[in-house]
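Numbering (my numbering), first residue to last: -8 to 88.
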């Protein structure tokens, strides 16, 4: 299994509707066949320990090939185009279990 972890925060200028659209879009990644599960949320822990990141998402895939198929999927590409200008920063890492 591959877990793809995203850590991000939204710029001050990102409106609540824009933030909701991005978070809802990430939640809908389960509509992409290669995605097994998605968890996305605002931080539920101590903000001082995650600063400056305020949100995270964890996407699960059966393997690297499925993760790579997700990267190429137009739904991912389109949401990424929409989200990147709203993010103050985005960090990602993929780990295998």
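Here a beta-carbon is modelled for each residue, glycine too, at the ideal position from N, C-alpha and C. This one's a predicted model, so the numbers in the text were calculated from it and none came from an experiment.
Pair within 8 Å by beta-carbon distance, residue i and residue j
{"i": "residue 31", "j": "residue 14", "result": "yes"}
{"i": "residue -7", "j": "residue 54", "result": "yes"}
{"i": "residue 34", "j": "residue 51", "result": "no"}
{"i": "residue 79", "j": "residue 43", "result": "yes"}
Distance between beta carbons of residue j and residue i, contact taken as under 8 Å
{"i": "residue -4", "j": "residue 83", "result": "7 Å"}
CB contact below 8 Å: residue i versus chain B
{"i": "residue 74", "result": "Here there is only one protein chain, and chain B is not present."}
Residue i versus the options, residue with shortest Cα-Cα distance
{"i": "residue 76", "options": "-6, -8 and 1", "result": "1"}
{"i": "residue 4", "options": "74, 59, 57 and 40", "result": "74"}
DSSP three-state assignment for residue i, whether helix, strand or coil
{"i": "residue 85", "result": "strand"}
#### Entry: beta strand (DSSP E) runs contained entirely in the region -4 to 53, provided each spans 3 or more residues
28 to 33 and 46 to 52
### Task
Report the residue ranges of all alpha helix (DSSP H) runs contained in full by the region 55 to 82; include only those spanning at least 4 residues, in chain order.
55 to 63 and 65 to 74
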